[in-house]
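Colleague:
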Amino acid sequence: MIYIGICDDELIHQSKNQACCEHFFSTNKLDHTYIFFHSINDVVSYCSHHISVLLLDIEMNDSINGVQLMRRLQHNQFIRSIIFVSNHTHYIYDSFSPKTIGFCPKPLETERLFPLLESALRNHCSEPIVFDNTPKGYIYTDDIIYIYSTGHYINVVTYSSGTHLFVMDIKNAEIILQNTNIIRIHRSYMINMACIKDINYTDITLSADIIEIRHLPIGRSYRQKVKSLYTKYLLN
9 MIYIGICDDE
19 LIHQSKNQAC
29 CEHFFSTNKL
39 DHTYIFFHSI
49 NDVVSYCSHH
59 ISVLLLDIEM
69 NDSINGVQLM
79 RRLQHNQFIR
89 SIIFVSNHTH
99 YIYDSFSPKT
109 IGFCPKPLET
119 ERLFPLLESA
129 LRNHCSEPIV
139 FDNTPKGYIY
149 TDDIIYIYST
159 GHYINVVTYS
169 SGTHLFVMDI
179 KNAEIILQNT
189 NIIRIHRSYM
199 INMACIKDIN
209 YTDITLSADI
219 IEIRHLPIGR
229 SYRQKVKSLY
239 TKYLLN
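The opening residue of the sequence shown carries number 9 in the working numbering; numbering runs sequentially from there.
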């Protein structure tokens, strides 16, 4: 089951957003349902089903706006991605984050929404990576920030549930994460390319919303490959 969240304090826009989503699902036969939020506080307190994508207004009758909510949600395990739906286009640059899929003006149009929903559901309907067979050993790649190794162990740092320790060397982690956005950048580190802000000669700067660490080292032998993969990622 795919859960779609719609957060808007006006019922007419909730209905229009749902209608656009229904148009999408009429040609993509996926089992889905909707969760409606009438305020930002409703989203903050939500802790039930995992929402694949949240359609989020920005200016509502709340103490914080949608962009401020987005920052709070970076470490929330229940909201997996965000599509902003707002006429306040001056917030576009503030809306960038690892969870943000895109920005659509009101009234929502199917031509703008469809490719964003396809992107969100392509990422979030995938199977999790299996690091081991314990309940915490199943992790979605978009939840991973970075990975670092300590001998025969790896530490997987996630948005939603902190750091997980697994008995595995980083080479094996690299193998099971091939063809994902998680790439090797150093003999001891891997990173989710969605979390990269900048790459220079000696290190990688992480996005401003990543509070665990600001920089990761980049190995000399990995530098060119990392830059090439990251450029390809941005172009896609």
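Just so you know, even glycine gets a beta-carbon here, dropped at the ideal spot from N, CA and C.
How close, in whole Å, do the beta carbons of Asp50 and Ile10 come, if the pair is a contact with beta carbons under 8 Å?
Modeller: Not really, about 20 Å apart at Cβ, beyond 8 Å.
Colleague: Under the DSSP definition of a beta bridge, which residues are partnered with Val52?
Modeller: DSSP lists no partner for Val52.
Colleague: I'd like to know if the region 170-180 and the region 86-101 are in contact, where contact means that at least 3 CB-CB pairs between them fall below 8 Å.
Modeller: no
Colleague: So the candidates are Asp211, Leu237, Phe86; which of them puts its Cα closest to the Cα of Arg228?
Modeller: Asp211
Colleague: Tell me where the beta strand (DSSP E) around Asn163 begins and ends.
Modeller: Looking at the DSSP string, the run of the beta strand (DSSP E) that includes Asn163 is 161-166.
Colleague: Tell me whether Gly3 is buried or exposed, calling it buried when 16 or more other Cβ atoms sit within 10 Å of its Cβ.
Modeller: Absent from the model: residue 3. The displayed extent of the chain is 9 to 244, so no value can be given.
Colleague: Go to Ile184, then tell me how far its alpha helix (DSSP H) extends in each direction, as first and last residue.
Modeller: 178-184
Colleague: Hey, quick one: how far does the alpha helix (DSSP H) through Ile20 stretch, first residue to last?
Modeller: Note, Ile20: alpha helix (DSSP H), 19-35.
Colleague: Look at the Cβ atom of Lys205, then the Cβ atom of His172, and state whether they are nearer than 8 Å.
Modeller: no
Colleague: What are the residues that DSSP puts in a beta bridge with Gly170?
Modeller: Thr166
Colleague: Please say whether Asn69 and Asp17 have beta carbons closer to each other than 8 Å?
Modeller: yes
Colleague: Going by C-alpha distance, which of Ala128, Phe44, Tyr197 is nearest Phe32?
Modeller: Nearest C-alpha to Phe32: Ala128.
Colleague: What separation, rounded to the nearest whole angstrom, lies between the Cα atoms of Ile87 and Glu119?
Modeller: 24 Å
Colleague: Can you find the residues in the same chain that come closer than 7 Å, C-beta to C-beta, to Ser103, ignoring five residues on each side of it along the sequence?
Modeller: Val75, Met78, Phe92, Phe111
Colleague: With Tyr241 and Asn189 assumed to form a contact (beta carbons below 8 Å), what rounded beta-carbon distance in angstroms separates them?
Modeller: 7 Å
Colleague: What are the start and end residues of the alpha helix (DSSP H) that includes Lys235?
Modeller: 231-243
Colleague: Determine the DSSP secondary structure at Thr142, reduced to helix, strand or coil.
Modeller: Coil at Thr142, not helix or strand.
Colleague: How big is the Cα-Cα spacing for Ile59 and His194?
Modeller: 34 Å
Colleague: Can you list, in chain order, the residues of its chain with a C-beta nearer than 7 Å to that of Val213? Leave out the 5 residues immediately preceding and following it.
Modeller: Residue identity differs from the one stated: residue 213 is Thr in this sequence, not Val. For Thr213, where only same-chain residues beyond five positions count, the Cβ hits under 7 Å are Lys205, Asp206, Arg222, His223.
Colleague: Just to confirm before moving on: does the CB-CB distance between Ser196 and Tyr156 stay below 8 Å?
Modeller: yes
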